[in-house]
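In terms of our numbering, the sequence shown has 37 at position 36, counting the first letter as 1, and numbering is strictly consecutive. Ideal Cβ positions, reconstructed from N, Cα and C, are used throughout, including at glycine.
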Amino acid sequence: MKYKGLRLWSMIAVLSLLAAGGTLGSLEKQNKIIRNVPTTHQVVAFTFDDGPHPGTTPELLKVLREKGVKATFFILGRNAEVYGDLLRQVVAEGHELANHGYSHQFLHQISMEEYLAEVERNEKILAQVGVKPVFFRPPGGGYNDLLVSKLQERGYTTIMWTVDTRDWSRPSVSQVVKVASANLKPGNIFLFHDGQDKMPTPQAVSLLIDQFRAQGYQFVTVSELLQYYEVRH
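The structure is reproduced here in structure tokens:
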């Protein structure tokens, strides 16, 4: 591959950073979280929160399968317990699973001990399908330095997003496409949802895949996106 040497060197730098206790993405040193990955390569990651759910996940998986795209699903433990067959389907189709807590509790609503218990509870659910997640996305995007540190101790990197498509509010398909298209840049992480009924997400994602590909972009999982990290001075 054209960029194989560069990507290998970049991945070595990434692993060295992680070994030293650092994190990636835009390298926000104060917060130690990932919102995007600095890269000149035309790659982006589509991520989906709150699923699985029978109202959206099956249609979404069909779109991704037909388009040949792999994505990262931030699984909500409560839904995974109820819809175990869907969870197994996500895994079987080669997508990446990450932790989104158990019941979508916000950090300010419960104690740190209770919050981490939710993380652990979801870990056990994901372990039942042979997955040990290494990424965590806090429900509602709420976090503080202590939470990020506690998650690092458990082997997690905290993943946020670059672009919130706000599909959870059930806007029109065209509105989701408009928001995402206006924010297309190399290394961006797009936030979608698949945890509710009657969402515009599958249709919007189908259109976006075609649009982005027409502009030369490729779609990768979050872990793959990290391999495109480029050190900038």
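D198 counts as exposed, since fewer than 16 other C-beta atoms from the protein chains shown sit within 10 angstroms of its C-beta.
Cβ atoms of G196 and H54 come within 8 Å of each other, at about 5 Å. Sequence-distant partners of I126 (beyond 5 residues in either direction) whose C-beta falls short of 7 Å from its own C-beta, in its chain, are G78, A81 and E82.
Spanning the alpha carbons of L61 and V206 requires a straight line of approximately 8 Å. If you look at F74, you'll find it in the beta strand (DSSP E) that goes T73 to I76. Approximately 11 Å separates the beta-carbon atoms of P134 and G102; this is outside 8 Å, ruling out the contact. Under the criterion of beta carbons closer than 8 Å, L87 and T58 qualify as touching, at roughly 5 Å. Taking 8 Å as the upper bound for CB-CB distance, A118 and T222 are not in contact here, some 27 Å apart. The Cβ neighbour count for T41, taken over all protein chains shown within 10 Å, is under 16; the residue is labelled exposed. Positions of the alpha helix (DSSP H) runs, each at least 4 residues long and wholly inside the segment 117 to 188, are given as 146 to 154 and 174 to 182 in order along the chain. Within 10 angstroms of the beta-carbon of E115 lie fewer than 16 other beta-carbons, which makes it exposed.
A check of alpha carbon separations from M161 across L185, V120 and N189 identifies N189 as the nearest. If you look at E67, you'll find it in the alpha helix (DSSP H) that goes T58 to K68. Residue environment for M113: exposed (fewer than 16 other C-beta atoms within 10 angstroms of its C-beta). Where L208 is concerned, the enclosing alpha helix (DSSP H) starts and stops at T202 to A215.
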